[in-house]
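These notes concern the structure reproduced below.
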Amino acid sequence: MINSDNSHLLRKLKEIKIELSHKCNLRCVHCSSDATDSEVTELSFEQVKRILYEASHLSIQTVSFSGGEPLLWPELGNAVNLCLELGIRVRIYTNGTTNEASSFLNNIQSKNISVIFSLHGFEDTHDRITAVPGSFQKTLTTLRDTLDFGFHPEIHFVPMQLNYNEIIDFAFYLNSIGVKQISALRFVPHGRGKCMNRLALSNSQHVQFRNFLLFLKQRNIHIRTGSPFNILLLNDQPTCTTGTDKLIISPDFRIYPCDAFKQIQPQDLNITDNFSSLVNHSLQDCWNNSSYLNFVRKLSAENSPQECLSCAKYSLCRSGCLAQKFLFSNRFDDQKDPGCLLSTIGVPHAVNHFE
Numbered sequence: 023m024i025n026s027d028n029s030h031l032l033r034k035l036k037e038i039k040i041e042l043s044h045k046c047n048l049r050c051v052h053c054s055s056d057a058t059d060s061e062v063t064e065l066s067f068e069q070v071k072r073i074l075y076e077a078s079h080l081s082i083q084t085v086s087f088s089g090g091e092p093l094l095w096p097e098l099g100n101a102v103n104l105c106l107e108l109g110i111r112v113r114i115y116t117n118g119t120t121n122e123a124s125s126f127l128n129n130i131q132s133k134n135i136s137v138i139f140s141l142h143g144f145e146d147t148h149d150r151i152t153a154v155p156g157s158f159q160k161t162l163t164t165l166r167d168t169l170d171f172g173f174h175p176e177i178h179f180v181p182m183q184l185n186y187n188e189i190i191d192f193a194f195y196l197n198s199i200g201v202k203q204i205s206a207l208r209f210v211p212h213g214r215g216k217c218m219n220r221l222a223l224s225n226s227q228h229v230q231f232r233n234f235l236l237f238l239k240q241r242n243i244h245i246r247t248g249s250p251f252n253i254l255l256l257n258d259q260p261t262c263t264t265g266t267d268k269l270i271i272s273p274d275f276r277i278y279p280c281d282a283f284k285q286i287q288p289q290d291l292n293i294t295d296n297f298s299s300l301v302n303h304s305l306q307d308c309w310n311n312s313s314y315l316n317f318v319r320k321l322s323a324e325n326s327p328q329e330c331l332s333c334a335k336y337s338l339c340r341s342g343c344l345a346q347k348f349l350f351s352n353r354f355d356d357q358k359d360p361g362c363l364l365s366t367i368g369v370p371h372a373v374n375h376f377e
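With the working numbering applied, the sequence shown corresponds to residues 23 to 377, in that order.
Given below as structure tokens:
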């Protein structure tokens, strides 16, 4: 049943990310899913087929497959082929280290498939972060293969204390081997990363990282930063799409408004979990009627504190990341992003670029 008087029905779901399982052959120190090689929770192919047919009915443009490591899920090829048959674009998030990674990607070449690799620095640093020696070389081999196959792979890099100061040399290196798309994703203190707060950058390190990105931009290497990184004040038109055009589906069939909310449950917010699982509800009904999604949507639209609203740089950060606020303090009310550069350390060079 859809409530016809709800204004949020005007929102169109454009993309879903399906976490096929939480099984992974790496043990990244910051993993948001706390994935392990012994994890057994996973979606069945029948469940994924149902999601994809419902997605097609809703004219969803893109489906992303992630995990865990999606290439360990035995039905990935069938799921990708079904997406292509339904006219849906595919993104695959992978570490590229499985034995069959290159052959699998070679067999699914299509202009409607994108591949995103996680690489967090040079060999010693990356292997330390993944806790698996040799993982860097395996990922690099698969990355080079996809370039040879004609893909335009993207690299995701999570800046942490272990690796943030490598970004300049690493970006130049990736550019030299043909990688043109690099994204910096903000560390989120949840999953395995919840116990690893020492990984998070300090605010002064965030300023330094920001300056690294500006240095690269001046040399025609642009690093994309998503909305959780609006605190860096690098996007002229910052947006946050949490719960507005994208949805995360976990291996237990539950839905989340974005990756940063994956470990925040409805009960943590003192709200009901009505329509927050696909077990008994359709994708469309959950999108339209989830108490969880609607709560987050309302907060996202209305939760900027007066301190932020009166800030001269508000238009560049929009009060930062909603999930980071909650993970930092277990509340949303009247607080700025814990990573706010201006109010916390007040360094002028954090905003000089926009003066």
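Even for Gly, the Cβ is constructed at its ideal location relative to N, Cα and C.
Quick one: what does DSSP say residue 303 is sitting in, helix, strand or coil?
As a working note, residue 303 is residue 281 in the sequence shown. Three-state result, residue 303: coil.
According to the Cβ coordinates, are residue 262 and residue 340 closer than 9 Å?
Numbered from its first residue, the sequence shown carries residue 262 at position 240. Numbered from its first residue, the sequence shown carries residue 340 at position 318. Yes. Within cutoff.
Residue 359, buried or exposed, once every other Cβ within 10 Å from all chains shown has been counted against 16
Position 337 of the sequence shown, counted from the start, is the residue given in the question as residue 359. Under this definition residue 359 is a buried residue.
Quick one: residues in its chain with C-beta nearer than 7 Å to the C-beta of residue 288, no 5 flanking neighbours on either side, listed in chain order?
In the sequence shown, the residue the question calls residue 288 occupies position 266. Hits under 7 Å: 294, 295, 298, 313, 314.
Any idea if residue 109 is buried or exposed, counting beta-carbon neighbours within 10 angstroms, 16 or more meaning buried?
On the sequence shown, position 87 is the one that residue 109 refers to. Exposed: under 16 other Cβ atoms inside 10 Å.
Among 158, 155, 175, 124, nearest to residue 133 - alpha-carbon criterion:
As a working note, residue 133 is residue 111 in the sequence shown. Residue 175 is the option with its Cα nearest to residue 133.
So, using beta-carbon positions, are residue 39 and residue 88 closer together than 9 Å?
To locate residue 39, count along the sequence shown from 1; it is residue 17. To locate residue 88, count along the sequence shown from 1; it is residue 66. Yes, the pair counts as a contact, with Cβ atoms nearer than the cut-off.
For the stretch 146-155 against the stretch 102-116, do three or more pairs of beta-carbon atoms, one drawn from each stretch, fall closer than 8 Å, so that the two count as touching?
Contact fails: fewer than three Cβ-Cβ distances are below 8 Å.
Residue 178 - containing beta strand (DSSP E), residue span
In the sequence shown, counting from the first residue as 1, residue 178 sits at position 156. Residue 178 -> beta strand (DSSP E) spans 176-179.
In this structure, how does DSSP classify residue 275 when only helix, strand and coil are distinguished?
Position 253 of the sequence shown, counting from 1, holds the residue named residue 275. Reduced to three states, the DSSP call for residue 275 is coil.
If I follow the unbroken alpha helix (DSSP H) through residue 70, where does it start and stop?
Translated into positions along the sequence shown, residue 70 becomes position 48. Element bounds for residue 70: 67-79.
Inter-residue Cα distance where the pair is residue 331 and residue 235:
If you number the sequence shown from 1, residue 331 lands on position 309. If you number the sequence shown from 1, residue 235 lands on position 213. Those two C-alpha atoms are separated by around 26 Å.
Would you mind sorting residue 45 into buried or exposed? The rule is 16 or more other CB atoms within 10 Å of its CB.
Taking the sequence shown and counting its residues from 1, one reaches residue 45 at position 23. With a threshold of 16 other beta carbon atoms within 10 Å, residue 45 meets it and is buried.
Roughly how far, in whole angstroms, is the beta-carbon of residue 412 from the beta-carbon of residue 300, given that I think they are within contact range, below 8 Å?
With the chain covering 23 to 377 only, the question about residue 412 has no answer from this structure.
Write down the C-beta distance between residue 214 and residue 56 rounded to the nearest angstrom, noting that I regard them as a contact closer than 8 Å.
Walking along the sequence shown from the start, residue 214 turns up at place 192. Walking along the sequence shown from the start, residue 56 turns up at place 34. Confirmed, Cβ separation roughly 5 Å.
Terminal residues of the alpha helix (DSSP H) in which residue 186 lies:
Taking the sequence shown and counting its residues from 1, the one referred to as residue 186 is at position 164. Run containing residue 186: none; DSSP gives neither H nor E here.
Whole angstroms are fine: how far does the CA of residue 326 sit from the CA of residue 334?
In the sequence shown, residue 334 corresponds to position 312, counting from 1. In the sequence shown, residue 326 corresponds to position 304, counting from 1. Approximately 14 Å, taken between the alpha carbons.
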